Amino acid sequence: MHTLGRIIPGALVAFAACAIGAESPGTGGLAWLSGHWCAETGGEFIEEHWLSPRGSLMVGAGQTVRGGKTVTYEFMRIESGASGTNYIAQHRGGVVTTFRMTASGENWARFENPEHDFPKRVEYRRTPKGLHAEIAGPGKDGKDVVVSFEFRSCN
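Throughout the sequence shown, residue numbering follows the numbering used here, covering 9 to 163 in sequence.
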């Protein structure tokens, strides 16, 4: 089974609390995602960096370290165009996977790709303590699996 890894949103997702500069109108109101986010869980240190939205594009990178070694990394971008707003992830420099924004609101966004094996959904929500990210989709037994990440600002 192909996985995006730890967002991550991806897959992962860790994201900072500050938005730097003016937001591009094409990024779906996602300036709250900009910054440097970190999480520590299960002996792993997970971090993501998201640049401020510019020119209908946000660029991000993520890394997970366990025992002093990188166990996974990911390049991400969120871009808006004629087809809508998409979260595009490239896990370990491999195949690019696109998730379409299917819902959003103030300080949250959901991206989905029903054709992908896992995850099928990537979601981010700003919280009072930082950022909640999750990936979800069917597990090996076919039942829905949700993997959550609680990030704080690294700044």
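Even for Gly, the Cβ is constructed at its ideal location relative to N, Cα and C. Owing to the predicted nature of the structure, the values given are computational and were not obtained by experimental measurement.
Contacting residues, own chain, Cβ-Cβ under 6 Å from T106 (five flanking each side not counted): N94, I96
Please classify N163: is it buried, with 16 or more other beta-carbons within 10 angstroms of its beta-carbon, or exposed? Under this definition N163 is an exposed residue.
State the beta-bridge partners of V130 as determined by DSSP. F119, I143
Spatially closest choice to S60 from T49, L139, K137, W40, by CA coordinates: Of the candidates T49, L139, K137, W40, the one whose C-alpha sits nearest the C-alpha of S60 is W40.
Can you tell me whether G68 is buried or exposed? The criterion is at least 16 other CB atoms within 10 Å of its CB, across all chains shown. Looking at its Cβ environment, which holds 16 or more other Cβ atoms inside 10 Å, G68 is buried.
Do you know offhand how far I86's Cα is from L65's? Using only the alpha carbons, I get a separation of about 6 Å.
Determine the contact status of F126 and W45, defining contact as a CB-CB distance below 7 Å. no
Proximity to A90 [Cα-Cα], best of H140, T35, P122: T35
Between P146 and P122, what straight-line distance do the alpha-carbon atoms span, to the nearest angstrom? So the alpha carbons of these two residues sit roughly 11 Å apart.
Beta-carbon gap between Q98 and F119 smaller than 7 Å: Pairing Q98 with F119 gives a Cβ-Cβ distance that is not under 7 Å.
Helix, strand or coil for W58 per DSSP? When DSSP states are grouped into helix, strand and coil, W58 belongs to the strand group.
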